[in-house]
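Residue numbers (this note's numbering): 2 to 192.
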Ligand code: SF4
């Protein structure tokens, strides 16, 4: 868990508590999360740590947070005044009415055989690795906001990432239904 500022997507710039869960049902090559290492915490310990920060916005992330008991988290944390958002890969259907904000970042551009099961939400955030955005034409109808984000690969150099940023910039200009999302937290070196 950590307290930081949302660096990407719709709520960029918003102070937030991040609960980053271990474990994922996918293994993307560009993944920037060490989700195979974790510290076990019960809900009481989680709330106690949350209370040490002056912040009521919480982002459930991972790894894949939908592997956790989201219904219980929602039923306990929201009555305490926390606004609960999730960032998920969309392969596991979420319980209804447990969350205030659902952001799905699908990975079917690299896993064409993995079925998307969370078909509605607030924010669709696509990591762009060269795929045709028309593959989301149907899926994006279930979401209010549509973002496309260049795949930032830390092991590649500045020139490679810069070119990828530029290509994504051009992509958004020619696909005006979409908005550009950048991982600004990486520029300033914070989580
Ligand atoms: S779905 Fe997300 S957390 Fe899971 S491997 Fe891919 S990038 Fe990493």
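Quick reminder that beta carbons are idealized off the backbone N, C-alpha and C, glycines included. It should be emphasised that the depicted structure is a prediction, and the values quoted were computed from it without experimental measurement.
Can the beta-carbon of residue 89 be found closer than 8 Å to that of residue 26? no
Residues around ligand 3, please: the condition is that the C-beta lies closer than 6 Å to some non-hydrogen atom of it. Absence of ligand 3 is noted for the structure shown, with ligand 1 being the only ligands found.
Determine the extent of the alpha helix (DSSP H) in which residue 166 is found, giving its start and end residues. 159-175
Hey, how far is the Cα of residue 103 from the Cα of residue 42? 23 Å
With 16 other Cβ atoms within 10 Å as the buried cut-off, status of residue 97: exposed
Look at the alpha carbon of residue 63 and the alpha carbon of residue 182, and state the distance between them as a whole number of angstroms. 19 Å
By a C-beta neighbour count over all protein chains shown, 10 Å radius and 16 as the cutoff for buried, is residue 193 buried or exposed? Because the chain here runs from 2 to 192, residue 193 falls outside it and cannot be looked at.
In chain order, what residues of the same chain lie with their CB nearer than 7 Å to the CB of residue 152, ignoring the 5 residues before and after it? 31, 128, 129, 130 and 165
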